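S.K.: One point on numbering: in the UniProt record's numbering, the residue at position 17 of the sequence shown is 17, and numbering is uninterrupted.
A virtual CB, placed ideally from N, CA and C, is assigned to each residue, including glycine.
Everything numeric in this text was worked out from a predicted model, so none of it was measured.
This is the structure I have questions about; it appears just below.
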Amino acid sequence: MAHHKDQVTEAFELFDSDGDGNLLVSEAASAIRALGHILTDADIKSLLLKVGVDPGRGGRIDLNKFRSMHGSLPPQNYARQLEEAFKTVDKDGSGYVMASEFKHLLTNMGDRLSDDDFNVLLEELDIDSNGRIQFKEFVRLMTAR
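Structure follows, in structure tokens:
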């Protein structure tokens, strides 16, 4: 019978760059974010302190501590996360953003999309005659995958 690793273990092992069974603080932060959690550095610091790791002292995080960190987070709500991201460019709250602003957001911030990947996404999104993308259309496309 094949052994199936859970996502938390997979993320831990992926970011354990030297394979010593411990993550550096920066690796743990990257691994948590890779699991889909949108967290600030202050959020990460708080999580580390909860599991007894002093982020300022270069503490190391083993798999059990990493599991505790991840387990204390609320489940991801992708629609809410997408809404928060969309609101950062939908300044007037209209429910629309200009495709050009959206491209800047997705190709220059966070997990950056390449121009080619953005163009593929753009082909799947309905853009109105004013060059705008509707939030509801974006969420429908992103959560249908």
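In whole angstroms, what separates the C-alpha of A2 from that of Y96?
M.R.: What you label residue 2 is simply residue 2 of the sequence shown in a count that begins at 1. What you label residue 96 is simply residue 96 of the sequence shown in a count that begins at 1. With a pLDDT of only 48 at A2, under the threshold of 50, the placement of this residue in the model should not be trusted; the figure read from the coordinates follows. When rounded, the distance between both Cα atoms is 47 Å.
S.K.: DSSP three-state label for R80, please.
M.R.: Within the sequence shown, the letter at position 80 stands for residue 80. Reduced to three states, the DSSP call for R80 is helix.
S.K.: How about T9 and L63: do their beta carbons lie closer than 9 Å?
M.R.: Translated into positions along the sequence shown, residue 9 becomes position 9. Translated into positions along the sequence shown, residue 63 becomes position 63. For T9 and L63, yes; Cβs fall inside 9 Å.
S.K.: Measure the Cβ-Cβ separation of L24 and R60 and say whether it is below 9 Å.
M.R.: Position 24 of the sequence shown, counted from the start, is the residue given in the question as residue 24. Position 60 of the sequence shown, counted from the start, is the residue given in the question as residue 60. Yes; because the gap between Cβ atoms is below 9 Å, this pair is in contact.
S.K.: Just how far apart, CA to CA, sit Q134 and V120?
M.R.: Here residue 134 refers to the residue found at position 134 of the sequence shown. Here residue 120 refers to the residue found at position 120 of the sequence shown. Using only the alpha carbons, I get a separation of about 17 Å.
S.K.: Give the secondary structure of R112 by DSSP, where H, G and I count as helix, E and B as strand, and everything else as coil.
M.R.: Translated into the one-based positions of the sequence shown, residue 112 becomes position 112. Here R112 sits in coil by DSSP.
S.K.: Can you tell me the Cβ-Cβ gap for residue 151 and Q7, rounded? I've got them flagged as a contact below 8 Å.
M.R.: Because the chain here runs from 1 to 145, residue 151 falls outside it and cannot be looked at.
S.K.: Whose CA, out of K91, S30, D126, lies closest to the CA of R140?
M.R.: What you label residue 140 is simply residue 140 of the sequence shown in a count that begins at 1. It is D126.
S.K.: With a cut-off of 8 Å on the beta carbons, I'd call D86 and F138 a contact; round off their distance for me.
M.R.: As a working note, residue 86 is residue 86 in the sequence shown. As a working note, residue 138 is residue 138 in the sequence shown. Checking the displayed sequence, the identity of residue 86 turns out to be Phe instead of Asp. Correct: roughly 6 Å between the Cβ atoms.
S.K.: Find the nearest neighbour of D128 within the set R33, M98, G52, A31, judged by alpha-carbon distance.
M.R.: As a working mapping, residue 128 is identified with position 128 in the sequence shown. Checked all of R33, M98, G52, A31; the closest Cα to D128 is M98.
S.K.: May I have the straight-line CA-CA distance separating G131 from I38, to the nearest angstrom?
M.R.: Residue numbering aside, residue 131 sits at position 131 when the sequence shown is read from its first letter. Residue numbering aside, residue 38 sits at position 38 when the sequence shown is read from its first letter. Looking at the two C-alpha atoms, the distance is approximately 28 Å.
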